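Here's the structure we're looking at; comments come further down.
Chains as they are written, first to last, in the numbering used here: chain L, 1414 to 2148; chain G, 36 to 247.
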């Protein structure tokens, strides 16, 4: 199905199942510990040996030699594999840096070897016996130093790396009110709860891998490329994924080393990364250095806006695109955005939940708060005044839907924003300085082709098969709801099978594109299955109505299962897209409201209340969508108050590489969270009329927290995270 | 920012560069590898305990944690390994009615103990009230920390009932109650990176008969 023109009325609009709050169909498995994750496939595979990964002890240099003799002689060891044992590996399309070091080492904890033994304990002990002789060379680990000479990204293209509208410099120089401020965000770690893990089993030249991966087809393709084998020989399975947040978008060393280890051992091998290995071995969200300039008239109309950002990555890496939302979020005749990318020898930077917008809005939405204060305007009024219904660069392009103003105004009412004291550091509650903050949320919606196969069994059961993944997002449930709505059956009677590379290729989970696109793919397959059902029953498919387990056409009616009584019916299709996303700007919007208390004696910040109002197209399941948003709000609190990978600039690694030292929010940090979805259905997006929500929930949260802290204390912090040491000496005197 | 002290500099330097330097000294790479006699395997130890009411007897490498004994030897994979270092709580089980991080405990230390895992609380067809409350309130997303959260939640309510104090109590000698702050404090050893905390609090409140 090619989606080329706006959706008209379709069976999903009935919203008997779609759009209804519903518990997860995988809930009973997850809450009883019976949903099998990557390392847990005891039932499917036996005689598995254990692999333990050895990581590079240097950040940059070369492996002179590896002595594996002691490790090989250790009890229970079956095989030791290093790059010297496996010939030349290919490099996948999606990972920037090779996944097995040797002879060059590209970053700290890059995998050097895998030790395979009969037991986990034996593998771990033997891994400590692998002796690696390194030649360490100087690396580039200091982002600020490297940015001094870093080039603009796309400097070779028209525009020479700068995205410009009008004349920013002139307009800014003559603006009545101006802000010129710099903000920093640190490196962040995904820190998903399930470590990267894979089990690999060879059957001749065919390879099966149980793994934990958000994008089945990307992972499968890149594993085949890495191992120099045809993709058709690789089966990639991820039925349950213990969190990803972008960290599991790509093939990682666990899958490669499990496959290489299994080949060497001549039997299946399972590899899980140890927790302290993850932060440096895998990817992270790169740190940013951002400069924002805003110029307005006296009444608060933006006339000039510039957002420039610098970040670093490995050679041939990519920037953290922190400026992109600034091209679309607010009006303004004169605009400039640009990015610089420094080459660093730290671990690979890559996508983490809401890449670009998450750190970008942490700066932009604080700048908007600062600007509102300069203007003496309410921060919501300032944002509303500069709302735009068109792409500021190309005013012919309208947003398909844009309810930012309503998100802000309804949120303000619900949150009691009128109670906020605009003068900072005025409100106290016992030992707490109390403040409120707001920020806009913005994230684009992305179209991705997505396929599915739907079967109607002879027992009347509808089964959906797609390689889509559920990383906690609720894919199992919303796909069941979609098929149920389309086929006119209860969601309970739909079986959903996911995360299997033998199923049709889906959008996968990432970039908040999963839910809308994967269900649109299921919609497409169901349209085909409905045709097949109607044909089998001898009905005209155009007027056949599927409802309550029956198919009705004119005055004829039959049970759905009757269509399959002579044999199973199956249909496969995928959704593909025309250029509606070019004609229209497809985006999602929201507003975050936060109330904090800052301890006037210690400077510690505690969240008191949080509210998000979101406008993101049709919400397929309000229960799971709400969970996406509260989870994102929680991650936003982390990025605002505590999360920071500390860089050792001499040895080139992230120092706090475990869950005790890389702090993420815990129960005690998070108060009750409220989420409101505005009623929307975006007919320009897809036949589901749905867009993404999982990243929108994170966008702007950090800034809302920072703005609330400023409102509480009167001390503006522009360097995240807002730890107490950054304002303790400037807090209001304790009277 | 204050200057890093010399002491810290040298200590961290040794820590990070240690592996590389040690290897240089210990393994002259030009020399032919020495014949190394295989060292004998670690002798196995017997341990007997009850898991979810069932007697179990295992012969284990003594380095095996209770967590790995459950997951890799008894194939009870509901108990999760999130960090293996007592930092995340995903491996929470109850031993003789008290919750522990099973990754921080060797299996052979549990001779004669009664261990309850998530599989012992309920099954998909017959959920424990806390499991049912997690489903109802969507107190999870990816599901990986969930068994640990549920075991902790059950144990926390029991701790409050038994009067075990916590540091958020106004009066340490008074009997604790299942308030939102009390439960959140006691649950803080169980990390949920998906951020389902607000919903978990509601699930627990329902089971405790309290307001979230």
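The beta carbon of each residue, even a glycine, is placed where N, CA and C say it ideally should be. Small disclaimer: the values here were computed from a predicted structure and weren't measured.
- Residue 1802 (chain L) counts as exposed, since fewer than 16 other C-beta atoms from the protein chains shown sit within 10 angstroms of its C-beta.
- Its chain contains 1662 and 1921 as the residues whose beta carbon lies nearer than 6 Å to that of residue 1628 (chain L), once the 5 sequence neighbours on both sides are disregarded; these appear in chain order.
- Contact between residue 1459 (chain L) and residue 1814 (chain L) fails: their C-beta atoms lie close to 53 Å from each other, not under 8 Å.
- By the neighbour-count criterion, in which 16 or more other beta carbons inside 10 Å mark a residue as buried, residue 1660 (chain L) falls on the buried side.
- Taking each of L:1973, L:1564, L:1436 and L:1782 in turn and checking the Cα distance to residue 1946 (chain L), the smallest one comes out for L:1973.
- If the five residues before and after residue 1898 (chain L) are omitted, its C-beta is found closer than 8 Å to the C-beta atoms of 1424, 1425, 1427, 1428, 1429, 1430 and 1431, all from its own chain and listed in chain order.
- Take residue 1492 (chain L), set aside five residues on each side of it, and the residues of its chain with a beta-carbon closer than 6 Å to its own are 1529, 1677 and 1678, in chain order.
- Judged by DSSP in its simplified three-state form, residue 1507 (chain L) adopts coil rather than helix or strand.
- The alpha-carbon of residue 2041 (chain L) is positioned some 30 Å away from that of residue 2129 (chain L).
- Identification of residues in the stretch 1592-1608 of chain L having a C-beta nearer than 9 Å to some C-beta of chain G yields 1603, 1604, 1605, 1606, 1607 and 1608, given in sequence order.
- In the assembly as shown, residue 147 (chain G) is an exposed residue. Its beta-carbon has fewer than 16 other beta-carbons within 10 Å.
- For residue 134 (chain G), not one C-beta of chain L is nearer than 8 Å to its own C-beta.
- Rounded to the nearest whole angstrom, the CA to CA distance from residue 1765 (chain L) to residue 1745 (chain L) is 29 Å.
- Apart from the 5 residues on each side of it in sequence, residue 1806 (chain L) sits with its Cβ closer than 6 Å to the Cβ of 1578 in its chain, given in chain order.
- Residue burial is scored here from C-beta neighbours: residue 1633 (chain L) has at least 16 other C-beta atoms within 10 angstroms and is therefore classed as buried.
- By the neighbour-count criterion, in which 16 or more other beta carbons inside 10 Å mark a residue as buried, residue 90 (chain G) falls on the exposed side.
- With a minimum length of 3 residues, the unbroken runs of beta strand (DSSP E) contained wholly in the stretch 1694-1763 of chain L fall at 1701-1709, 1715-1726 and 1747-1756.
- Inside the stretch 1943-1996 of chain L, DSSP marks whole beta strand (DSSP E) runs of 3 or more residues at positions 1958-1960, 1963-1966, 1969-1972 and 1982-1990, from first to last along the chain.
- Per DSSP, reduced to three states, the secondary structure at residue 2039 (chain L) is helical.
- The Cβ atoms of residue 1701 (chain L) and residue 1709 (chain L) lie no closer than 8 Å to each other.
- Against residue 143 (chain G), chain L offers no close residue; the least beta-carbon distance is about 12 Å (beta-carbon pairs closer than 9 Å).
- Look at residue 153 (chain G): its C-beta is under 8 Å from a C-beta on chain L.
- About 16 Å separates the Cβ atoms of residue 1439 (chain L) and residue 1451 (chain L), ruling out a contact at the 8 Å cut-off.
- In the three-state scheme derived from DSSP, where H, G and I count as helix and E and B as strand, residue 1818 (chain L) is classed as helix.
- Contact of residue 1686 (chain L) with chain G is not assigned, every C-beta pair being separated by 8 Å or more.
- Put simply, the CB of residue 119 (chain G) is near chain L, with a gap under 8 Å to one of its CB atoms.
- Nearest to residue 2024 (chain L) by alpha-carbon distance, out of L:1864, L:1990, L:2115 and L:2016, is L:2115.
- Contact holds between the stretch 1820-1831 of chain L and the stretch 1780-1797 of chain L, because three or more Cβ pairs, one in each stretch, are under 8 Å apart.
- With distances taken between CA atoms, residue 1683 (chain L) lies nearest to L:1624 out of L:1624, L:1885, L:1501 and L:1995.
- Counted as a single uninterrupted DSSP element, the beta strand (DSSP E) harbouring residue 150 (chain G) occupies residues 149-151.
- Interface criterion met: the Cβ of residue 1447 (chain L) is under 8 Å from a Cβ in chain G.
- Membership of residue 92 (chain G) in the beta strand (DSSP E) is indicated by the continuous run 89-95.
- Interface residue (Cβ-Cβ distance to chain G less than 8 Å): residue 2073 (chain L) is classified as such.
- Look at the beta carbons and you see the stretch 1729-1742 of chain L touching the stretch 1847-1857 of chain L: at least three pairs across the two are nearer than 8 Å.
- Residue burial is scored here from C-beta neighbours: residue 198 (chain G) has fewer than 16 other C-beta atoms within 10 angstroms and is therefore classed as exposed.
- The beta carbon of residue 1861 (chain L) sits closer than 7 Å to those of 1920, 1926 and 1930, all from its chain and outside the five residues before and after it, given in chain order.
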